[in-house]
Structures are given as C-alpha cells and as structure tokens.
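Here the protein sequences line up with chains A and B, keeping their order.
Position 486, counted from 1, in the first sequence is what our numbering calls 479; the numbers after and before it change by one each time, with no gaps.
So our numbering is basically just the index in the second sequence, starting at one, shifted up by 435.
Just so you know, even glycine gets a beta-carbon here, dropped at the ideal spot from N, CA and C.
Working notes for the structure below.
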Amino acid sequence: MAATQQFDEPVKTVPLLEARGITKIFDTLKANDNVDFAIQKGEIHALLGENGAGKSTLVKILFGSLQANEGGVLWDSAPVTVRSPSEARELGIGMVFQHFSLFEALTVAENIALSFNAATPLENISTRTRDLSTQYGLPLDPDAVVGDLSVGERQRVEIIRCLMQDPRLIILDEPTSVLTPQEADTLFETLFRLRDEGRSVLYISHRLEEVQRLCSAATIMRHGQVVDACDPREETAGSLASKMVGAEIDEVVHRESAATDKVVLQLNNLNMPSTHPFAVALQNVNLQVNAGEVVGIAGIAGNGQGELFGAISGEDVAANADAVVIDGHVVGNLGISERRKIGGAFVPEERLGHGAVPALTLSDNMYLARHASDSDDFQSGGSLKVIAKNAIKSATKRVVEAMDVRKSAENPPAAALSGGNLQKFVVGRELDRKPVFLLVNQPTWGVDAGAATHIRQALIDLAASGSAVLMISQDLDEIFEVADRIAVMADGRLSQPEPTANMTRERVGLLMAGSSDNVDASGEAA
Amino acid sequence: MDVWISIILSICAASTPLLLAATGELVVERSGVLNLGVEGMMIMGAVAGFATAQVTGNPYLGALVAMGAGALFSLLFAFLTLTLVANQVATGLALTILGIGLSGMIGEGFVGRPGIRMEALDIPILTDLPIIGKLIFGQDLIFYISIALVFGVYWFLFKTRAGLTLRSVGDNHTSAHALGINVIKVRYLAVLFGGACAGLAGAHLSLVYVPQWVEGMTAGRGWIALALVVFASWRPGRVLVGAYLFGTVTIGQFHAQAIGIAIPAQFLTSLPYIATIVVLVLIARNRRMTMLNTPASLGQSFVPDR
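Okay, structure coming up:
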C-alpha cells in the first residue's frame, strides 16, 4: 500500500531507504511522530536533534531493535518489515553504536563472528578482519581481547564488524564523541571511501562542524517530529543549531576573565599509582586554579581524568598530604567529607550511580551529597543526626528552580529524570552551596544543547562570583567556550595550562595525542 | 595395591556428583544466570531417581527420571527469574529450601528401603586387566558421563558457535540482545541443562554412591558444587581438577581418621569454601583476570526493550 503512494515532490533517484509515517509511542510519550525521511544511495546523511528528539528511537526502528506502532520502511522502494537486527543485517543495514555493543571478555574475531550466521568458521573471520582492517586503514589484531583495547580501537571493531557484512547502509551513532581530532579525521577518510563505493551512511552527531564537513543531506528532528531537511553545506553551524532547538540558542556570555591572585586549588607533584591494570597512574601533576577563573582540562577519555577527579575529590587519598591543597587547607590525606566541609564541591562524570543514587528521590540525593557540608541545615538533634526534611526539600526546590530542572513529579527518583535534567540537578546541587572550589567532570556529557548552555553559563557565573572552577571535559567546543585557561591530560600527565586565547584546536589535539615532549619545547619557544 | 585401587574408586565416586553438578552450574553461570538452587535440584534428582528405581527396578530409568526432575525443578527457577524477572539469588535459595522439603515428603515411604544399585561396568578381559582394568573399565555409567561431560562442555563453550553465543549472553546481555540473540531462550536452555546435570548428580548419590534414600542426603554437596564453579574461575578443566581435589579430601578424611590422624572433619568440609574465598580474592585483585573469567552479567536480570 505504501508503495503506491505518490511522491509529494519529484525525487532525482530512487532512495535506498525511505521511512514513511513512522510513529512510536512509549506509554504516553510519542517518541516518533509521523516521521518521514529518505536516504539516497551513496550519500552521507546526517540525523540531527537534541537528546530526546527521537533520533535513537528512529534508528532503533530502522535497525529492527524496536517496532514502530505505525508507518513503514521502503528499502530500494520495496516495503519491508524489519523485525530484528539480524533481519536488518540481512537487508544490508549495519550499525555502529554510540555505547559499544562489544563483549569485553571475547576476542575481536569472536565479537565479529557473533553477528554472522553460524556457518562461518572463526578462522575465516580472523582472516577477513585482517584484510578489511588493512584495506580501510583501521588496523586491528583479530586475536586481541576486546577488554584490552582502547576506545578508538573498539570503535574500529564495531566498524569492521559492520563492514564485513557488506552493508549498503551504515548507521553511526555519535561516532566521534570518543575520538581525538586525528582519529576522527581517519574515520572521516573511511566514511568518504565508503560513500565513494556507493554505500550510504546515516550519521548521527551533535557536532555541527562535522556534519557540515561530511554530510550532503540532513534531517533534523525535534520532539519526535521531523522539523526540517536541508543540505548542511549550505547552512551555518548556528542556523543548524537553531533548527535543532527550535529557537536561537542563547550564546554563553563570557565575561573578561575574573581571575584573581588568590590560589584556591593547588596540586603539588601529585602522584597516584594505578590501582588496576587499566587505570592510569597520575604522574607529577602540578596545577593552580585561582579564584575567579575556569580552568579546563581536555583529553581523550581514559587518560587519567577519572583518576585526577578521584584524587582531587578525595575518593582516592594521596600518599603525601600536601599534594592537594584546597583554599589553603592541606587535604591530600583527607576524605571527601572533609574536603567538602572546607568549600570543595565535586560533580563526577557518571550522574547515575556516582553523582546520584538512581532509585532515591532528588531530596534524598540532595542530603547524601551535602550531609557533611550542610550538616547544620540538613540535620538536627545534635549527635542524633535527625534528617531535617523540610530544609532539604526547600534546598531541592531552590536547585530545581535555579537550574530549570524539568521533572514529572514533585520529588521523583533520580532515575526518572532525563539525562539533561538530572545533570542540571547534580550540578545545581553543588552550585547552590556557593562552593569556594568546584570540580566538575564532563559537565554536559549526553545533555541536550539547551541544558548544556545553561550548565556552562552557570559554571562561568560561579567563577565570576569569585569561586575557582576546574572543568574536565572531552568536548573541545565546551572547553574553548567556557575555560579561561586550558590544560591537556595525556597518559596521566597534565600539560601546563595556557590562556584559551593562545590555544588552538590543533595544539590541543597534539597534546591529547600525548606528544608532550615537543609541546614542552614549543611551549618554551613560544 | 588393591587398597589403593579401592581408595581411588571411592574418590571417583565421591567426586562424580560434585563434578556433574558443578559442570552444569558452570554452563548456567556462563550464560549469566546465578542459580543457587543446585542443592535443591540435586536432592530432587536423588529422590526421583531412587523412587523410579524402586518402582521400576531399573536404575538407568531412575537416572533418566532424575535428570528430568532436576530439569523440571530448574524450569521453575527459570520461569521465575527469566520470565517473571524475580531476583536470582532469592529464588535460588528458595529453590534449595523447597527442594529439601519436597524431597523429604516424597521420599518418606522410601526411607530405610534397600536401594537398587547401578552396577559398575564389567567387560570381560578389559575389566580384569591389572590395576587399570577396574579404574578405566570397571566404573558405573554416570562416572563416564561426568568425565565426557566436562570435555563436551569445554568443546561446546569454546569451539562451537552455540557456545560462543552462550558466553556472549553471559558477558553482556544488552549487546547480545542488540545482535539479535534471544537472551532469554539461551538462558532457559542453560538453566535446564544445569538442572538436568544436578538431577543426574543426585541420582549418582542415591543410586551409586550410597545407594539409599536418606532425607537431606545431598548434605551440602550442591553448595560445594557452586563454590567449585567460582574456584574453577568458570573453566571446565579446572572444575574437573577442583571436583577431584575435594573428592580426594573427603575420602582422605575417612582414611586419615582410620589411621589415627585427627584432622577435625569440620575443617575438611570447610576447605572448599576457604579455597573459593582465596580464589575470589586472587581474581578480584586482577581486573584483567576478572574480566576474562567472570561472566560480567552474572546474576543480573535482563528485560528486553519494548
């Protein structure tokens, strides 16, 4: 029936894949509302939208992980029903997931074998893995255990696994979020090569410059609907972004750096041995963060950022006390609560499970984070430590209002909030204390553009009000937008922070790749 | 010489039920399911096997029914934990308690009756060979099955596609689901296999080892089997070594008492658990070993996307 439907507008060629009227309803939420779009053969097509716009749902429907309530898909202009990912693969649709769907305990070849039918012997897969990975410039050892691989290498496994099925359409979900700029360039080369072979790519990304560089068509989604389709090369990053969020985004207002001479955080030759084989040892980390400034720490995931966060927040205690000094107090050997009591505030990367207990309500989470630093307000009855419910409730309400946290109930469990709203809450919970020093790791990871701007502005405002802010982030745009000075973490070492104005993306990229030696030299020269 | 042969034979008999139950549980845990009901499934197998042998006079039929009873009992566990997504630990414990009680009720009329023993193999000439004759050609059928099972499970897990699928489900059920693997089905099959193995282990107790029906006759062997799986860090070959190690300790304890070496029996029976704790500590110290050996989604319930 769908095949007989007339095209609304003339189309040059028959699209490889066409979605018509896809609707998917979860309980009361319309995750996809009558979505139409088409991917041409041999094109890199961008799917843009904020978090929660319905991109993932749409892609899952195309890939067969979810079933649409209404609507259908045309593949090569023939109607098809994709009931499962394996049916999608048989059609010729491959997918590279944002959160890798790899098995850590298995080898590369075993991982790849799992997406093939049972008849293919493992040896053949090893050989073909080697061949394909050389052919596309993505070297891989088929016998390596995936748990031992870096994030970039794991992505290669996903891509090779996908390519091995000779797909005609490859779906990539936020592929560059874990890569260095140089690694991303290699990926783009591969994508161009795939396009030149006549394959189509559906590219999901928040990074508008990338989309403009790669894609010749874009479909933009908002609130589950397709709101626009355009050629991203003819747009500006700003116009694409405003199409995504539906209004002009507020630019982050950056005041002149308000840095003062007062040192708030000082790290003196901070060394932390690695606690397990995959941890990164911190080596001679030195850093000063002054009141009134935001220092950004860039770096690829897994280069010691988590360990640095642990060492500064007190989750891991340093061997010598004076390695960490917060606001004049020597705290290297003290625990988290002691550090919070003297005005330290810490927002970890994982909001669910680390920053908040998923099953507990917002007010319970409020108490858990601030029971020590706000014990006067949040507890009564002296040593009985009776929880002062009303004080906590009102503090929670204050944070919710200040950060514009949108929630479904009065005091819902943390897990019930969307990622962006929970992140606003977790950051706001610390800002509400007006901390002397704030350390935040990945403040806007997986957060939609509106919430991200809100959080970034809040960090800048906190610094402007005289606090010191240290922000660890893998998002270079964010670092350049927010930080007054930038340092780069690579392999457990931290480069000396330099004023943002003196930094370029290329230089940060080199530092991220760990070429600290020549950077030190060039730093001297400059 | 004969003394040694009979000691070795009794070690084999003591080790076989441990080996069977542990190998079955290894497959279950490799698929990411923690079934603490081994003791319960084992004793259900013991009583079902004994009762069938009593009624039909055929111990082999008894062993088959025991496997069926173990599998049926594990099906209850599978339904509760996989379909209804109940907590695996609590359900497994309940299964053990239920099994011990239920088997006592079923077996009430059989207490004290002489058992029907599954006879050892007797092949002319071969069984009469000196020394190795009895050891290799003169044991009961379940012994041979248990040895073959270890190698079979090893081959299945690491050499076949189905085994790879099972391991993948145990490592990361979300990814396995995303690849189109039917996680629940794989786990159902694994749990049923584990149940059948535990049932056969029970049959070995009531048809070969003792052979009698005594209430609570598994006497904690199901728990030792569970500990053995961890001790073996989820590897079939090490389960074989572990089961025979503990079988040897059990038998050694009797003989040590006989010649007057007084090692407290409680110490020896607690050895498997101590050894397991030591192994757990050693594994936990090394993240790579944990990653390679422990099924990462062990004990976690899986609910597919809508």
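Close-in-space but distant-in-sequence residues of the same chain around residue i (CB under 7 Å, 5 per side omitted)
{"i": "LEU9 of chain A", "result": "ILE32, GLN33, LYS34, ASP69, ARG161, LEU162, SER193"}
{"i": "ALA504 of chain B", "result": "MET479, GLY480, ALA483, GLY634"}
{"i": "ASP26 of chain A", "result": "THR16, GLY217, GLN218"}
{"i": "TRP658 of chain B", "result": "GLU474"}
{"i": "ALA362 of chain A", "result": "ARG422"}
{"i": "MET237 of chain A", "result": "LEU41, GLY42, GLU43, ILE213, ARG215, ALA442"}
{"i": "ALA388 of chain A", "result": "MET359, ASP425"}
{"i": "VAL645 of chain B", "result": "GLY550, MET652"}
{"i": "LEU125 of chain A", "result": "ILE153, LEU156, MET157"}
Coil, strand or helix - residue i by DSSP
{"i": "CYS223 of chain A", "result": "strand"}
{"i": "LYS17 of chain A", "result": "strand"}
{"i": "VAL7 of chain A", "result": "coil"}
{"i": "ASP549 of chain A", "result": "Chain A is shown only over -6 to 519; residue 549 of chain A falls outside these bounds and no answer can be derived."}
{"i": "MET464 of chain A", "result": "strand"}
{"i": "TRP590 of chain B", "result": "helix"}
{"i": "GLU75 of chain A", "result": "The question names Glu, but residue 75 of chain A in the sequence shown is Val. Reduced to three states, the DSSP call for VAL75 of chain A is coil."}
{"i": "ARG344 of chain A", "result": "coil"}
{"i": "ARG215 of chain A", "result": "strand"}
{"i": "HIS38 of chain A", "result": "strand"}
{"i": "GLU471 of chain A", "result": "helix"}
{"i": "TYR196 of chain A", "result": "strand"}
{"i": "GLU403 of chain A", "result": "coil"}
{"i": "GLU83 of chain A", "result": "helix"}
{"i": "HIS322 of chain A", "result": "strand"}
{"i": "LEU390 of chain B", "result": "The question about residue 390 of chain B has no answer, for chain B in this structure spans 436 to 741."}
{"i": "LEU280 of chain A", "result": "strand"}
{"i": "VAL604 of chain B", "result": "helix"}
{"i": "PRO559 of chain B", "result": "coil"}
{"i": "ASN358 of chain A", "result": "helix"}
{"i": "ARG500 of chain A", "result": "helix"}
{"i": "ARG670 of chain B", "result": "coil"}
{"i": "LEU142 of chain A", "result": "coil"}
{"i": "THR100 of chain A", "result": "strand"}
{"i": "GLN372 of chain A", "result": "strand"}
{"i": "ALA518 of chain A", "result": "Its pLDDT being 36, under 50, ALA518 of chain A is placed unreliably by the model, and the measurement read from it follows with that caveat. The answer is helix: DSSP assigns ALA518 of chain A an H, G or I state."}
{"i": "TRP68 of chain A", "result": "strand"}
{"i": "ILE153 of chain A", "result": "helix"}
Whole-Å CB distance - residue i paired with residue j, under 8 Å assumed
{"i": "ASP136 of chain A", "j": "THR100 of chain A", "result": "6 Å"}
{"i": "GLY651 of chain B", "j": "GLY480 of chain B", "result": "Contact flag wrong, Cβ pair sits at about 14 Å."}
{"i": "LEU592 of chain B", "j": "ARG465 of chain B", "result": "6 Å"}
{"i": "GLN681 of chain B", "j": "THR711 of chain B", "result": "The question names Gln, yet the displayed sequence has Phe at residue 681 of chain B. Not confirmed; about 10 Å, so no contact."}
{"i": "PHE430 of chain A", "j": "ALA304 of chain A", "result": "Not really, about 14 Å apart at Cβ, beyond 8 Å."}
{"i": "ARG527 of chain A", "j": "TYR129 of chain A", "result": "What is shown of chain A runs -6 to 519, which leaves residue 527 of chain A out entirely."}
Residues near residue i in its chain [Cβ-Cβ closer than 8 Å; skip 5 each side]
{"i": "ASN728 of chain B", "result": "SER668, TRP669, ARG670, ILE718"}
{"i": "ASN104 of chain A", "result": "LEU95, PHE96, VAL139, VAL150, ARG154"}
{"i": "ALA476 of chain A", "result": "VAL287, VAL288, GLY289, MET464, THR493"}
{"i": "THR122 of chain A", "result": "VAL101, ALA102, ILE105, LEU133, PRO135, ILE153, MET157"}
Within-7 Å CB hit, residue i to chain E
{"i": "GLY629 of chain B", "result": "Within the model displayed, chain E is absent; protein chains A and B are what it includes."}
Close-in-space but distant-in-sequence residues of the same chain around residue i (CB under 6 Å, 5 per side omitted)
{"i": "THR516 of chain B", "result": "GLN523, THR526"}
{"i": "TYR679 of chain B", "result": "SER450"}
{"i": "GLY87 of chain A", "result": "CYS155, GLN158, PRO160, ILE163"}
{"i": "ALA316 of chain A", "result": "ASN261, LEU263, GLY325"}
{"i": "ALA284 of chain A", "result": "THR253, LYS255, VAL257, GLY459, ALA461"}
{"i": "ALA211 of chain A", "result": "ALA39, LEU41, CYS223, PRO225"}
{"i": "GLY145 of chain A", "result": "LEU172, GLU176"}
{"i": "ASP370 of chain A", "result": "ALA384"}
Taking only beta carbons into account, state which residues of the segment 594 to 608 of chain B come closer than 8 Å to chain A, listed in chain order. Taking 8 Å as the Cβ-Cβ cut-off against chain A, the residues of the segment 594 to 608 of chain B that qualify are ARG596, ALA597, LEU599, THR600, ARG602, SER603, ASP606, ASN607.
Please determine if the segment 667 to 686 of chain B and the segment 450 to 461 of chain B are in contact, where contact requires at least 3 C-beta pairs separated by less than 8 Å. Output reads yes: the segment 450 to 461 of chain B touches the segment 667 to 686 of chain B.
At a CB distance below 9 Å, what residues from the segment 135 to 146 of chain A approach chain B? Give them in sequence order. For the segment 135 to 146 of chain A, the beta-carbon criterion of a distance under 9 Å to any beta-carbon of chain B is satisfied by VAL138, GLY140, ASP141.
Is the segment 582 to 596 of chain B touching the segment 40 to 51 of chain A, taking contact as three or more C-beta pairs under 8 Å? Between the segment 582 to 596 of chain B and the segment 40 to 51 of chain A, the count of C-beta pairs closer than 8 Å stays below three; the two stretches do not touch.
Pairs of beta-carbons, one from the segment 19 to 29 of chain A and one from the segment 70 to 88 of chain A, closer than 8 Å: are there three or more? No contact exists between the segment 19 to 29 of chain A and the segment 70 to 88 of chain A.
Taking contact to mean at least 3 C-beta pairs separated by less than 8 Å, is the segment 721 to 736 of chain B in contact with the segment 516 to 527 of chain B? Yes, the segment 721 to 736 of chain B touches the segment 516 to 527 of chain B.
Would you call the segment 360 to 379 of chain A and the segment 402 to 416 of chain A touching, i.e. three or more CB-CB distances under 8 Å? At 8 Å Cβ cutoff, the stretches do not touch.
Listed in chain order, which residues of the segment 101 to 130 of chain A have Cβ atoms closer than 7 Å to some Cβ of chain B? Residues GLU103, ALA106, LEU107, SER108, ALA111.
Are the segment 174 to 185 of chain A and the segment 490 to 507 of chain A in contact at 8 Å, needing three or more beta carbon pairs? A contact exists between the segment 174 to 185 of chain A and the segment 490 to 507 of chain A.
Can you find at least 3 beta carbon pairs, one from the segment 285 to 303 of chain A and one from the segment 466 to 481 of chain A, that sit closer than 8 Å? Result yes; three or more Cβ-Cβ pairs closer than 8 Å.
Kindly confirm or deny that the segment 94 to 114 of chain A and the segment 131 to 150 of chain A touch, where touching means at least three C-beta pairs closer than 8 Å. Flag = yes, the segment 94 to 114 of chain A and the segment 131 to 150 of chain A touch.
Residues, ordered as in the chain, of the segment 66 to 78 of chain A that lie near chain B by beta-carbon distance below 8 Å: Hits within the stretch, in order: SER77, PRO78.
Going along the chain, which residues of the segment 504 to 524 of chain B sit with their C-beta nearer than 7 Å to a C-beta in chain A? So the list is empty, because no residue satisfies the distance condition.
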